[in-house]
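Everything below concerns the one structure shown next.
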Amino acid sequence: MATYEKKQERKAPSNTKGATFWIRENLFSSPLNVALTLLGVMILFWIIPPFVKWAYINANFAGSTREDCVSGGACWVFIRMKIDMFMYGFYPSDLRWRVNSVYGLFFVLIVAFKYLKSPLLKVALAHIYFIAGFFLVHGGFFGMETVPTDKWGGLMLTIMVAAVGIVAAFPLGVLLALGRASHLPIIKSISVTYIEFIRGVPLITILFMSSIILPLFFPEGMTFDKLLRALIGIAMFEAAYIAENIRGGLQSIPKGQYEAADAIGLSYWQKMFLVILPQALKVAIPNLVGVSIALFQDTTLVLIIGLFDLLAMVRLSAADSYWLGYETEGYVFVTFIFWFFCYSMSNFSQKLEKRFNTNLR
Amino acid sequence: MKDRKDIIEIKNLNKWYGDFHVLKDINLTIKKGEIIVVCGPSGSGKSTLIRCINYLEQFQEGSITVDGIDLINDVKKIKAIREEVAMVFQHFNLFPHLTILDNLTLAPIWVRKMPRKEAEAMAMKYLERVGIANQAHKYPNQLSGGQQQRVAIARSLCKNPKIMLFDEPTSALDPEMVAEVLDVMIELAREDKTMVCVTHEMGFAKKVADRIIFMDAGQIVEENTPEEFFQNPESDRLKLFLEQILSH
């Protein structure tokens, strides 16, 4: 009988890994790559030092007036003096604690999410949070002063429009995606028509329609909050995109999963909500976060229907005759805020993907 | 076996995929507790036939009666039949986002409204039987193919079905893992379950089948007891088939 000896495992050769290997392979592997690497370094040298000099070394942080900005660098005093406007718009300053407590409750919500197991309870809690948040900011009950929505603005409005847009659009998007995948011809064609119509129209048009054209159809004297109209328009718009992303996820689920769910006796809704959607949504996470990031940026469009989001507030403040000439600081600030939120969402998406990854080995 | 009552009755079953006639005038009666093996070349309609029994496939003509329930396109009847008929698939079709335990308890909790504790106890009992109780909290992709198929069998047992359908349960497995799945199936065959197995495992067929059915081109060519089936095949088609699969 033939015998064999088990071979020992060896480490991979050391010249095929490590930092130097990586640099050699990725940055200097060919003459063209060497040239591109050098060019890239040059561009970085050309941009970064002047920016740091302007934004930090020569910048003015202290003081409270225009005259405090003398060194020629960035005048962050402008941001400091206007920060309340950027954050809250025209929301009365003595009532801002309400907005802050909604922010604070968000962290309570996150902690509660960690301890709650049932997804149904989580969804319910999230909806309670949004509705309660809206009423707390709006006021008008328990003797709390009403703050009409045209006083809302700045980052608070941006966050609210984006968050409400996504949260309200999501269930509609799920239903539309299921409708489009349905075998029932009427439901399928309604979903397809809706999705294709919405996707064929720019968001600006939808905003115009919801703020200008829609009221024409209302009976005389009936008014409908402008912000609410915009929110409905945005939610309807986003739903179509969310539906398409979820459809992509649905198509990635093998037929066997449907058959197994049928065979063990699940009903249509059980099959979809317990077996198919959890897997489809997992696949769709990167795209859904992409949609959310895009929406967060698209909220700046509400400016054209007369709502003052963060970007609009900054533009308005930069047009203040006393602070004339400091748009750059304002826009750099806006850029940073938008980057911060979008990057956080992107990070969050990667965390979600890791958490839901069950393809462990 | 003669005195037992019929549990599956298939009469004049015809099915088309578009213009392709997959099943032609199938007549088959299966008695309670019988073990039926269905074999035949690929494309002969054997999988389609057993998938009609739990209505994963619709058919155009004929009738199927399962345990007295007429199989027609009616949600309630389909649901009633699926309560009694379990299926094991070629590619296992476990739910990858759920742990092994959750895969097993899903239907008992949601379809039969069983309390979670009770469902888990039952699931553990079946996992014990297929020998995977120690993997209950892993995810399907962490298990080998043979283990996954045993989990799939345990999942179908959780319904306490009267009838078990097996759709080529070993053909997607590595050769070394076929035996462990067949062992579980042989174990099941010794109980009072009705089993209809589409498989090419002739050793399994010889050992446990009450009847073997040979299909070709959408029709039942021959059906017989294992001894007769292998020793005295009547049709040339079956002779050729047996020659092909037994000569190696």
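As you go down the protein sequences, you meet chains A and B in turn. Anchor point for the first sequence: position 186 equals 447 in the numbering used here, and the numbering is continuous, going up by one each time. Anchor point for the second sequence: position 23 equals 28 in the numbering used here, and the numbering is continuous, going up by one each time. Where a beta carbon is used, it is the ideal one built from N, C-alpha and C, also for glycine. Quantities reported herein were computed from a predicted structural model and do not represent experimental measurements.
Collapsed DSSP secondary structure at residue i in the structure displayed
i	result
residue 228 of chain B	strand
residue 20 of chain B	strand
residue 267 of chain A	coil
residue 91 of chain B	strand
residue 322 of chain A	coil
residue 507 of chain A	helix
residue 207 of chain B	helix
residue 411 of chain A	helix
residue 200 of chain B	strand
residue 569 of chain A	strand
residue 239 of chain B	coil
residue 441 of chain A	helix
residue 481 of chain A	coil
residue 279 of chain A	coil
residue 261 of chain A	Past the edges of chain A, shown from 262 to 622, lies residue 261 of chain A, and the structure says nothing about it.
residue 272 of chain A	coil
residue 119 of chain B	coil
residue 377 of chain A	coil
residue 104 of chain B	coil
residue 9 of chain B	coil
residue 531 of chain A	helix
Residues of its chain near residue i, where Cβ-Cβ distance is below 7 angstroms and the 5 sequence neighbours each way are ignored
i	result
residue 30 of chain B	17, 19 and 224
residue 74 of chain B	82, 85 and 86
residue 9 of chain B	36, 37 and 38
residue 468 of chain A	491, 494, 562, 563, 565 and 566
residue 681 of chain A	This structure leaves residue 681 of chain A out entirely; chain A is present only between 262 and 622.
residue 453 of chain A	441
residue 250 of chain B	205 and 207
residue 166 of chain B	89, 90 and 91
residue 579 of chain A	587, 588 and 591
residue 602 of chain A	557
residue 177 of chain B	95, 96 and 150
residue 409 of chain A	none
residue 427 of chain A	499, 553 and 556
Residue burial classification, residue i (beta-carbon count within 10 angstroms, cutoff 16)
i	result
residue 355 of chain A	exposed
residue 52 of chain B	buried
residue 597 of chain A	exposed
residue 379 of chain A	exposed
residue 108 of chain B	buried
residue 347 of chain A	buried
residue 190 of chain B	buried
residue 122 of chain B	exposed
residue 445 of chain A	exposed
residue 42 of chain B	buried
residue 197 of chain B	exposed
residue 65 of chain B	exposed
residue 266 of chain A	exposed
residue 297 of chain A	exposed
residue 295 of chain A	exposed
residue 102 of chain B	buried
residue 352 of chain A	buried
residue 415 of chain A	buried
Opposing strand residues paired with residue i [DSSP bridges]
i	result
residue 14 of chain B	B:34 and B:70
residue 3 of chain B	With chain B represented from 6 up to 253, any question about residue 3 of chain B goes unanswered, as that position is not in the structure.
residue 28 of chain B	B:20
residue 75 of chain B	B:70
residue 216 of chain B	B:41
Same chain, Cβ closer than 8 angstroms to residue i, five either side skipped, listed in chain order
i	result
residue 104 of chain B	141, 142, 143 and 144
residue 583 of chain A	327
residue 390 of chain A	366, 367 and 370
residue 546 of chain A	610, 613, 614 and 617
residue 276 of chain A	282
residue 24 of chain B	none
residue 46 of chain B	221 and 246
Same chain only: Cβ atoms within 6 angstroms of residue i, ignoring 5 sequence neighbours per side
i	result
residue 395 of chain A	none
residue 15 of chain B	31, 33 and 69
residue 488 of chain A	410
residue 162 of chain B	131
residue 93 of chain B	157, 158, 161, 171 and 174
residue 433 of chain A	500
Min CB distance residue i to chain D below 9 angstroms
i	result
residue 520 of chain A	Looking at the structure shown, chain D is missing, and the protein chains on hand are A and B.
Return the chain-ordered ranges of every alpha helix (DSSP H) run that is complete within the segment 131-187 of chain B and spans a minimum of 4 residues. 150-162
Completely contained alpha helix (DSSP H) runs for the segment 379-406 of chain A, where each covers 4 or more residues: 380-399
Runs of alpha helix (DSSP H) wholly within the segment 330-364 of chain A (minimum 4 residues, chain order): 337-349
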